[in-house]
Amino acid sequence: MTNEPSKSQHIEAPADDNRVLSGLLEIGRGLKTVLSHVGREAVTLEYPEVLPDLSVRFHGRLCLLTKSDGTDLCIGCKACARVCPCDDLIQIEMHRDGDKKPVIDQFTIDMGRCIFCGNCTEVCPVDCIKMLPDFELADYSREALVLDKYDLTLKGEDADEWRRTHGLAPSVT
Amino acid sequence: MTTASPAPELSLRDKPGFSDLQGVTVEHGLNTQDMVVNIGPQHPSTHGVLRLVTTINGEIVKDMEPVIGYLHRSKEKMAEGRSYFQYQPTIDRVEYLSSFYDHYVYVTAIEALADLKVPKRVEYIRMICMELNRITSHLLWFGTFLLDLGATSPFFYAFREREAIFKLFEDITGARMMYNYFRFGGVNADAPPGWLDDVRKVINELPFRFDEYEAIANKNPIVMDRCIGVGVTSYQDLLDYGVTGPSMRACGVAQDMRKTNPYSCYNEVEFDVPTATEGDVYARYKVRMAEMRESIRIVHQLLDNMPGGDSAELRKLEKEHAKVAEEIAAAKKRVTVAKKNEEAPNAADVAKMAEKAPELPFDYRTTGQKVNLMVFKPPAGEAFSMVESPRGMLGCYLVSDGTPKAYRVKWRGASFSNLTILPSMMIGNLYPDLMAIFGSLDIILPEVDR
Ligand code: SF4
Ligand code: SF4
Numbered sequence: 140m141t142n143e144p145s146k147s148q149h150i151e152a153p154a155d156d157n158r159v160l161s162g163l164l165e166i167g168r169g170l171k172t173v174l175s176h177v178g179r180e181a182v183t184l185e186y187p188e189v190l191p192d193l194s195v196r197f198h199g200r201l202c203l204l205t206k207s208d209g210t211d212l213c214i215g216c217k218a219c220a221r222v223c224p225c226d227d228l229i230q231i232e233m234h235r236d237g238d239k240k241p242v243i244d245q246f247t248i249d250m251g252r253c254i255f256c257g258n259c260t261e262v263c264p265v266d267c268i269k270m271l272p273d274f275e276l277a278d279y280s281r282e283a284l285v286l287d288k289y290d291l292t293l294k295g296e297d298a299d300e301w302r303r304t305h306g307l308a309p310s311v312t
Numbered sequence: 003m004t005t006a007s008p009a010p011e012l013s014l015r016d017k018p019g020f021s022d023l024q025g026v027t028v029e030h031g032l033n034t035q036d037m038v039v040n041i042g043p044q045h046p047s048t049h050g051v052l053r054l055v056t057t058i059n060g061e062i063v064k065d066m067e068p069v070i071g072y073l074h075r076s077k078e079k080m081a082e083g084r085s086y087f088q089y090q091p092t093i094d095r096v097e098y099l100s101s102f103y104d105h106y107v108y109v110t111a112i113e114a115l116a117d118l119k120v121p122k123r124v125e126y127i128r129m130i131c132m133e134l135n136r137i138t139s140h141l142l143w144f145g146t147f148l149l150d151l152g153a154t155s156p157f158f159y160a161f162r163e164r165e166a167i168f169k170l171f172e173d174i175t176g177a178r179m180m181y182n183y184f185r186f187g188g189v190n191a192d193a194p195p196g197w198l199d200d201v202r203k204v205i206n207e208l209p210f211r212f213d214e215y216e217a218i219a220n221k222n223p224i225v226m227d228r229c230i231g232v233g234v235t236s237y238q239d240l241l242d243y244g245v246t247g248p249s250m251r252a253c254g255v256a257q258d259m260r261k262t263n264p265y266s267c268y269n270e271v272e273f274d275v276p277t278a279t280e281g282d283v284y285a286r287y288k289v290r291m292a293e294m295r296e297s298i299r300i301v302h303q304l305l306d307n308m309p310g311g312d313s314a315e316l317r318k319l320e321k322e323h324a325k326v327a328e329e330i331a332a333a334k335k336r337v338t339v340a341k342k343n344e345e346a347p348n349a350a351d352v353a354k355m356a357e358k359a360p361e362l363p364f365d366y367r368t369t370g371q372k373v374n375l376m377v378f379k380p381p382a383g384e385a386f387s388m389v390e391s392p393r394g395m396l397g398c399y400l401v402s403d404g405t406p407k408a409y410r411v412k413w414r415g416a417s418f419s420n421l422t423i424l425p426s427m428m429i430g431n432l433y434p435d436l437m438a439i440f441g442s443l444d445i446i447l448p449e450v451d452r
């Protein structure tokens, strides 16, 4: 290894007579490698029929987990909205009932503008907003991509299942 | 950075073949005129949206002007309106082929500012991610470069291997390309159990695949004819334009930040810096192929010496520690609220027990110090950090005024400087060589425009 720049060399082209021969040989070698792929197993998936095996940490569609009995887990702290890099992507409307318990009136996420960074999932204090291994989000209009609380919520048992597969305590009350 | 030493004399115009070609247009008096050809911004070979306004006369390039900015997304300005954590995911889009590097410079700049200590395990995981990222980036380059030269099959082979590595990234970060994984003083989550073995499996396979690539491309007469002796640069030119990375090393300069100023734990691993002396397209090809093998060597060493080993063992250890902690807590409780007909344990004994409670060594952790990401404010000051990205020197300059938002973030992308040398390499050269030369520089447009 040297820090000194060394003189550039002029690279001699091989003499003409064996160029043809060596060229043919090398092309033959390349083709042999290419042909050896014919018998190998295919690495591509026939997508709509075969779905890829996604990791549990996959950054896909967002969801709101609920408590085990199906009631809201979200406490309306708006931490997720604050760390989201896109302005006003997560919109939360909430009020407090007689016992000062939070009630979530509205929770909308515009999936069309979400960049699937996972920031929101990381700061949620109650592990409520999480991601699903679901990437099939295409739709016919932008409005259809704005998911409201009903679309986002993952009810009772599904939420427990999510927590189980992600190494969290499954039942939350 | 290495110090400048006297540059070797090598002018493009001294190259054999050049004067002959120019002679054709003059001697024979062909009535050729300068013609302006507009390449891009939607040209498949410009790998992004680059426009090259090229003046040619016959087949000879007389002038070339890169027009950039089509991908400008004001990444630097965005930092000023967002908190540090909020800004972080957008960094992935600065340089989407090797975004672990962008994250690394950003978090290390912040760590330097806020004086956060980083556990060794974190550094090792980061280094594995970065080296694998170098391989994916070079693989993409290999595929598209040969595609530009007209070879289609290697492109698919390179993407197949790249996909295998992306699967590893997906397992650890949750995303294939936009990782958002490094955190201030740590990483987002520990590697999943068994991940290290998966990595080992993939990288054990790779050298055989590289052999296959080289069997196809190395001595192929078309590749050789189009690459050897084409696009030769001089050392002085590279210095003048601030070119770094494999293009620099292909000119015989072993300038690699991993060796010259070792960051992270690069001083703990053994590796060589591949160089070539010819400074042509073929030399750049050789350097990149050799670099991928060096990266594999580095990853092997990191896997063997990973502090804490596989995360499954660590989790077990953590559980044991938690059990002890529980026992201590229970004992403490009994000291204060001793039940009737039960002897309260000696308070001093319990305190001693608590003192000896096992703890996970600092180097085994995945975050050095818990940082509240929402209200994180590094103290006022400035920091600059650099890494050797697959394309060259990548730097991030960060100024903080003590508020949750950065005062200024400046990116030093390697692609920008590497692109500026293109006109000087092209002027006087053959127009058909453009794609070979441009491809060999491995430029990524989002990093140029930011
Ligand atoms: S994943 Fe990122 S962009 Fe999407 S809602 Fe969460 S924080 Fe916002
Ligand atoms: S961070 Fe969690 S608890 Fe807070 S508003 Fe968002 S989803 Fe609800």
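Residue numbers (my numbering), protein chains in the order written: chain A, 140 to 312; chain B, 3 to 452.
Positions of the beta carbon are idealized from the N, C-alpha and C atoms, including for glycine.
Keep in mind the model is a prediction, meaning the values are calculated, not measured.
Next on the checklist: Shorter than 8 angstroms, the distance from the beta carbon of A/V311 to the closest heavy atom of ligand 2, or not?
Outcome noted: False, no ligand heavy atom lies under 8 angstroms from that Cβ.
Checklist entry - Buried or exposed: B/V107, going by 16 or more other Cβ atoms within 10 Å of its Cβ? => result Its Cβ being crowded by 16 or more others within 10 Å, B/V107 is buried.
Checklist entry - Got a sec? Which residues, its chain only, sit under 6 angstroms from A/I229 by beta carbon, not counting five neighbours each side? => result Counting only Cβ-Cβ distances below 6 angstroms, and skipping sequence neighbours, we find C219, A220, C223, I248.
Item to check | Near ligand 2: A/C213 beta-carbon under 8 angstroms from a heavy atom | outcome: Yes, the beta carbon of A/C213 sits closer than 8 angstroms to at least one heavy atom of ligand 2.
Item to check | 8 angstroms Cβ cut-off: residues of chain A touching B/E172 | outcome: Against chain A, a Cβ distance below 8 angstroms from B/E172 picks out L193, S194, R196, F197.
Checklist entry - Alpha carbon to alpha carbon, how far is B/G50 from B/L362? => result Rounded to whole angstroms, B/G50 to B/L362 spans 47 angstroms at the Cα level.
Next on the checklist: Taking a contact to mean a Cβ-Cβ separation below 9 angstroms, would you say B/I429 touches B/L443 in this structure?
Outcome noted: In this structure, B/L443 does not lie closer than 9 angstroms to B/I429 by Cβ.
Checklist entry - Would you say B/S85 reaches chain A, if we count a Cβ-Cβ gap shorter than 9 angstroms as a contact? => result So, interface residue.
Next on the checklist: Quick check: the Cα distance between B/V120 and B/V450, rounded to an integer number of angstroms?
Outcome noted: Each residue's alpha carbon lies about 31 angstroms from the other.
Item to check | C-alpha gap between B/T27 and B/Q44, whole angstroms | outcome: Here the model assigns B/T27 a pLDDT of 44, short of 50, so the residue's position is not dependable and the matter cannot be decided.
Next on the checklist: With DSSP as the reference, identify every bridge partner of B/Q88, one or two as the case may be.
Outcome noted: Bridge partners of B/Q88 according to DSSP: none are assigned.
Next on the checklist: Less than 8 angstroms separating the Cβ of A/H198 from some heavy atom of ligand 1?
Outcome noted: At least one heavy atom of ligand 1 lies closer than 8 angstroms to the C-beta of A/H198.
Checklist entry - Going along chain B, which residues have a C-beta under 8 angstroms from A/T292? => result Neighbourhood of A/T292 in chain B, by CB distance below 8 angstroms: empty, with the nearest CB roughly 21 angstroms away.
Next on the checklist: Could you compute how far the alpha carbon of B/D306 sits from the alpha carbon of B/G152?
Outcome noted: Going from the Cα of B/D306 to the Cα of B/G152 covers about 40 angstroms.
Checklist entry - Is B/M180 close to chain A, meaning its C-beta is less than 9 angstroms from at least one C-beta of that chain? => result Judged by the 9 angstroms Cβ criterion, B/M180 is in contact with chain A.
Checklist entry - When we look at the beta-carbon of B/D94 and count the other beta-carbons within 10 Å, is it buried (16 or more) or exposed? => result By the neighbour-count rule (16 or more Cβ atoms within 10 Å), B/D94 is buried.
Checklist entry - Would you say A/P224 reaches chain B, if we count a Cβ-Cβ gap shorter than 9 angstroms as a contact? => result Chain B, which has a Cβ nearer than 9 angstroms to the Cβ of A/P224, makes this yes.
Item to check | Limits of the unbroken alpha helix (DSSP H) element including B/G383 | outcome: Premise fails: B/G383 lies in the beta strand (DSSP E), 383-391, not in any alpha helix (DSSP H).
Next on the checklist: Quick check on DSSP: helix, strand or coil for A/M250?
Outcome noted: In this structure, DSSP gives A/M250 a state outside helix and strand, which the three-state scheme calls coil.
Checklist entry - Where does B/K407 sit, in a helix, a strand or coil, going by DSSP? => result Secondary structure at B/K407: strand, using DSSP grouped into helix, strand and coil.
Checklist entry - What are the complete alpha helix (DSSP H) segments, minimum 4 residues, inside the segment 165-223 of chain A? => result Segments of the alpha helix (DSSP H) lying fully in the segment 165-223 of chain A: 218-222.
Checklist entry - If we count the other Cβ atoms within 10 Å of its Cβ and call it buried at 16 or more, is A/R235 buried or exposed? => result So A/R235 counts as exposed.
Checklist entry - Helix, strand or coil: how does DSSP classify B/S76 here? => result Under the three-state reduction of DSSP output, B/S76 falls in the coil class, being neither helix nor strand.
Item to check | Cα-Cα separation, B/I174 to B/E322 | outcome: The alpha-carbon atoms of B/I174 and B/E322 are separated by roughly 24 angstroms.
Next on the checklist: For the segment 214-243 of chain B, list every residue whose C-beta sits within 7 angstroms of some C-beta in chain A, in sequence order.
Outcome noted: Within the segment 214-243 of chain B, the qualifying residues are E214, A217, I218, K221, N222, P223, I230, G231, V234, Y237.
Item to check | Counted within 10 angstroms of its Cβ, other Cβ atoms place B/G404 as buried (16 or more) or exposed | outcome: Exposed.
Item to check | Any non-hydrogen atom of ligand 2 closer than 8 angstroms to A/P264 Cβ | outcome: In this structure, the C-beta of A/P264 approaches ligand 2 to less than 8 angstroms from one of its heavy atoms.
Checklist entry - Using Cβ-Cβ distances below 7 angstroms, what residues of the segment 250-271 of chain B are close to chain A? => result The segment 250-271 of chain B vs chain A, Cβ under 7 angstroms: C253, G254, V255, A256.
Checklist entry - Relative to ligand 1, is the shortest distance from any of its heavy atoms to the C-beta of B/N190 smaller than 8 angstroms? => result Checking every heavy atom of ligand 1 against the Cβ of B/N190, none is found closer than 8 angstroms.
Checklist entry - Less than 8 angstroms between the CB of A/L271 and some heavy atom of ligand 2, yes or no? => result No; taking the cut-off as 8 angstroms, the Cβ of A/L271 has no heavy atom of ligand 2 nearer than that.
Checklist entry - Taking any Cβ of chain B, which residues in the segment 248-273 of chain A have a Cβ under 8 angstroms from it, in chain order? => result Under the 8 angstroms Cβ criterion, the segment 248-273 of chain A contributes I254, F255, C256, G257, N258, E261, V262, M270.
Next on the checklist: Using CA atoms only, rank isn't needed, just tell me which of A/L293, A/V265, A/G257 is closest to B/A191.
Outcome noted: The option with the nearest alpha carbon to B/A191 is A/G257.
Next on the checklist: I'd like to confirm something about A/C202: is its beta-carbon nearer than 8 angstroms to some heavy atom of ligand 1, or not?
Outcome noted: A/C202 has its CB no nearer than 8 angstroms to any heavy atom of ligand 1.
Checklist entry - Which residues, taken in chain order from the segment 164-180 of chain A, show a beta carbon closer than 9 angstroms to some beta carbon of chain B? => result Within the segment 164-180 of chain A, L164, E165, I166, R168, G169, L170, K171, T172, V173, S175, H176 place their CB atoms closer than 9 angstroms to a CB of chain B, listed in sequence order.
Item to check | Distance between A/E300 and A/G306 (C-alpha atoms, nearest Å) | outcome: A/G306 and A/E300 have their C-alpha atoms roughly 10 angstroms apart.
Checklist entry - Would the beta-carbon of B/V96 fall within 9 angstroms of that of B/P448? => result Yes; because the gap between Cβ atoms is below 9 angstroms, this pair is in contact.
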